[in-house]
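Throughout the sequence shown, residue numbering follows mature numbering (1 follows the signal peptide of the UniProt record, and there is no 0), covering -22 to -1, 1 to 76 in sequence.
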Amino acid sequence: MRELTKTFFATAFMVCTFSVNAATEGDIKPPPLQRDSPPMQGPAPLVYGVVQQTTTPVDALNNVVKNLPALENGKRYEVRLEVRELAPVPTPPVPPAP
């Protein structure tokens, strides 16, 4: 039984040693997305942002356009416009009469 235990531990030690040596050798290349592509940049900073809740979206949009700061011509800007209908606010439950 002792011989079997010694053989088992010796074999396990050799397997671990060979695995460690094999892992450190060879060509380790970066993943394909990092190899040839330039570094990724974060989103551009926001120039002007407005969030409003209103019952008259056309008036709110006209007000936002009036208050838009002056921007430089010739530069590229991304302009987004979203109008969403919000769910109605739930009414609180009425407590039962005593």
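Every residue gets a Cβ at the ideal spot worked out from N, C-alpha and C, and that includes glycine.
It should be emphasised that the depicted structure is a prediction, and the values quoted were computed from it without experimental measurement.
Cα-Cα separation between residue i and residue j, rounded to whole angstroms
{"i": "Ala65", "j": "Gln31", "result": "12 Å"}
{"i": "Thr(-6)", "j": "Arg58", "result": "59 Å"}
{"i": "Ser(-4)", "j": "Ala(-11)", "result": "11 Å"}
{"i": "Pro35", "j": "Met18", "result": "37 Å"}
{"i": "Leu49", "j": "Thr69", "result": "44 Å"}
{"i": "Val(-8)", "j": "Arg(-21)", "result": "20 Å"}
{"i": "Leu(-19)", "j": "Gly20", "result": "59 Å"}
Coil, strand or helix - residue i by DSSP
{"i": "Ala(-13)", "result": "helix"}
{"i": "Asn41", "result": "helix"}
Touch test, the stretch 42 to 53 against the stretch 68 to 75, Cβ-Cβ under 8 Å, three pairs minimum = no
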